[in-house]
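Each residue of the sequence shown is one higher than the last, beginning at 4 in this note's numbering.
First up is the structure itself, then whatever we jot down about it.
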Amino acid sequence: MGRWVTTLLVFALLAACRRSEHALTMAVALLPSELAAYRAVLGDFERDTGLRVVVVPQQYPDIQRALAAEAFAGHGTLDLVELDVYALARSARHVSVLDPAELAPELDALAPHARRAGEIDGLRFLPHRISWQALVYNHAVLGKAPATWEELLAVARAHPKRIGLKGALYEGLTCDVLPFVWAAGGSGDRFDDPGTLAAFRFFAELAPYLAPQSETFKEATVAEAMARGELVLHVNWPFVMSLYASQGLAGTIRSAPLPQGPAGRATVLGGGYIAVPLSAPHRVAAVRLARYLISAPAQMRLRRQLGWFSARTDVAVDETSEDLGGFAAMRGEARPRPERPDYPRLSRAWQQAFRAVAFERSDPVSALQAAQRGLGRER
4 MGRWVTTLLV
14 FALLAACRRS
24 EHALTMAVAL
34 LPSELAAYRA
44 VLGDFERDTG
54 LRVVVVPQQY
64 PDIQRALAAE
74 AFAGHGTLDL
84 VELDVYALAR
94 SARHVSVLDP
104 AELAPELDAL
114 APHARRAGEI
124 DGLRFLPHRI
134 SWQALVYNHA
144 VLGKAPATWE
154 ELLAVARAHP
164 KRIGLKGALY
174 EGLTCDVLPF
184 VWAAGGSGDR
194 FDDPGTLAAF
204 RFFAELAPYL
214 APQSETFKEA
224 TVAEAMARGE
234 LVLHVNWPFV
244 MSLYASQGLA
254 GTIRSAPLPQ
264 GPAGRATVLG
274 GGYIAVPLSA
284 PHRVAAVRLA
294 RYLISAPAQM
304 RLRRQLGWFS
314 ARTDVAVDET
324 SEDLGGFAAM
334 RGEARPRPER
344 PDYPRLSRAW
354 QQAFRAVAFE
364 RSDPVSALQA
374 AQRGLGRER
């Protein structure tokens, strides 16, 4: 019930905001602390165009529901929306196909892998901000981060029960699993290829050394356990580095590239993508706003003022930083999750297969066969 109340609140806000043909309405997943800085970035666009931008901060699921409702109605108030990258395939039919010529020259500056994630039956989504995971480790304890799967297993054996993975049954677990599958040569959307089996056999070897809390860890709780000294390493997003810096742990807790597997390194692409709804009342102006938001000046300000990573190749992450160096090293290894309408079912199957192997000590072959059979039945 709560989610529908929230969605109704979105509609109420949007209806209240739409008082002028010179105003654009955008729904963005912002924290309360981010709103003022984000509004300041929009100031240049407003001054240059004479248009006012009304920002409605909401969580991604609420934005997605509002977008679907407006598409169903055939009209609405949303001119631009931000959606979680992993939900793009489910929302593709509700947003407009964009003309690359309308977005030149900004489109050419986007990293190819980030641009491809927004191409679902045409260019529909643009990277507003992107993120990816890296290894987070205790430099004071380990001295250096493990660079390969073999070194990771050696660290785990030397520090049993102090290896963290986000093992709760949620999307964050998929984001920890897929990099290992890809690093072994797996496709990420099947459970019966050799790379996937290699990754799950590695998980079976690693399982005895995982922290007991891994079964319930999520982003925040695994980060907190690391801060308390209960873990020597885990996998997480860049936001944790500012958390550690605020706790006086900068330099002690550092980032590093994810360990290399048999087929290389990989990490999951995260972040928010912007799109113009099919029912956008001011489509031309909305495209203009989207082009501004992916421009170098806007992206540089978002990087500087909010710490967001950019998909533009000319907006860098500091490679020499002890805090973010590991993330910078993984930038070119970020991959989008499988783009398919049934992705939520696929993701849940990855989570269940991992938990079966890591926490229930199931045989990797049996767990993967069960996952593939289950996915086939659901499709």
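Ideal placement from N, C-alpha and C gives every residue a C-beta, glycine not left out.
- Counting C-beta pairs closer than 8 angstroms gives three or more between the stretch 210 to 229 and the stretch 167 to 184, which meets the contact rule.
- In the three-state DSSP reduction, Asp47 falls in the helix class (H, G or I).
- From the listed residues Leu83, Tyr63, Ala30, Gly189, the smallest Cα separation to Val279 is found for Leu83.
- Three or more pairs of CB atoms, one per stretch, sit closer than 8 angstroms, so the stretch 53 to 69 contacts the stretch 36 to 43.
- Rounded to whole angstroms, Arg42 and Arg304 show a C-alpha spacing of 11 angstroms.
- Take Leu126, set aside five residues on each side of it, and the residues of its chain with a beta-carbon closer than 7 angstroms to its own are Val100, Leu101, Pro103, in chain order.
- The three-state reading of DSSP puts Phe128 in coil, since its state is none of H, G, I, E or B.
- By a beta-carbon distance limit of 8 angstroms, Pro260 does not contact Thr151. Their separation comes to about 10 angstroms.
- For Arg118, the number of other beta carbons within 10 angstroms of its own is at least 16, and it is reported as buried.
- Between the alpha carbons of Pro339 and Asp345 lies a distance of about 15 angstroms.
- The DSSP-derived three-state label of Glu325 is coil.
- The stretch 226 to 270 is shown to contain whole alpha helix (DSSP H) runs of 4 or more residues at 242 to 249, in chain order.
- If you draw a straight line from the Cα of Gly377 to the Cα of Ala30, it comes to about 36 angstroms.
- Contact annotation: His131 and Tyr247 have beta-carbon atoms that are not nearer than 7 angstroms.
- A Cβ-Cβ separation of about 6 angstroms places Gly77 in contact with Ser282 under the 8 angstroms criterion.
- Pro163 and Glu218 have their C-alpha atoms roughly 15 angstroms apart.
- With 16 or more neighbouring CB atoms inside 10 Å of its own CB, Ala331 falls in the buried class.
- Spatial neighbours of Leu371 in its own chain (CB-CB distance under 8 angstroms, excluding positions within 5 residues in sequence) are listed in chain order as Phe194, Asp195, Thr199, Leu200, Phe203, Ala356.
- For the pair Phe220 and Tyr173, the Cα-to-Cα distance works out to about 10 angstroms.
- Taken atom to atom, the span from the alpha-carbon of Leu292 to that of Val98 is near 15 angstroms.
- Residue environment analysis places Glu363 among the exposed positions, since fewer than 16 neighbouring C-beta atoms fall within 10 angstroms of its C-beta.
- When the Cα atoms are used, Pro341 and Leu234 turn out to be separated by approximately 31 angstroms.
- Annotated as proximal: Ala112 and Asp317, with beta-carbon spacing under 7 angstroms.
- For Arg55, the enclosing beta strand (DSSP E) covers residues 55 to 60.
- Our two residues, Pro182 and Gly273, have alpha carbons roughly 12 angstroms apart in a direct line.
- Cβ-Cβ separation between Glu105 and Val290: approximately 5 angstroms, consistent with a contact (criterion under 8 angstroms).
- Straight through space, the alpha carbons of Leu27 and Gly53 are spaced by roughly 11 angstroms.
- Excluding residues up to 5 positions away in sequence, Pro103 lie with their Cβ nearer than 6 angstroms to the Cβ of Leu110 in the same chain.
- Counting along the chain, the unbroken beta strand (DSSP E) around Leu27 starts and ends at 26 to 31.
- If you draw a straight line from the Cα of Ala319 to the Cα of Arg348, it is about 35 angstroms long.
- Shown here, Arg340 sits in coil according to DSSP, grouped into three states, outside any helix or strand.
- For Leu281, there is no enclosing alpha helix (DSSP H), as DSSP marks it with neither H nor E.
- Here His25 is exposed: its Cβ has fewer than 16 other Cβ atoms, across all protein chains shown, within 10 Å.
- The three-state secondary structure of Tyr173, taken from DSSP, is coil.
- Residue range 115 to 120 is occupied by the alpha helix (DSSP H) that includes Ala120.
- Between the alpha carbons of Thr80 and Leu145 lies a distance of about 53 angstroms.
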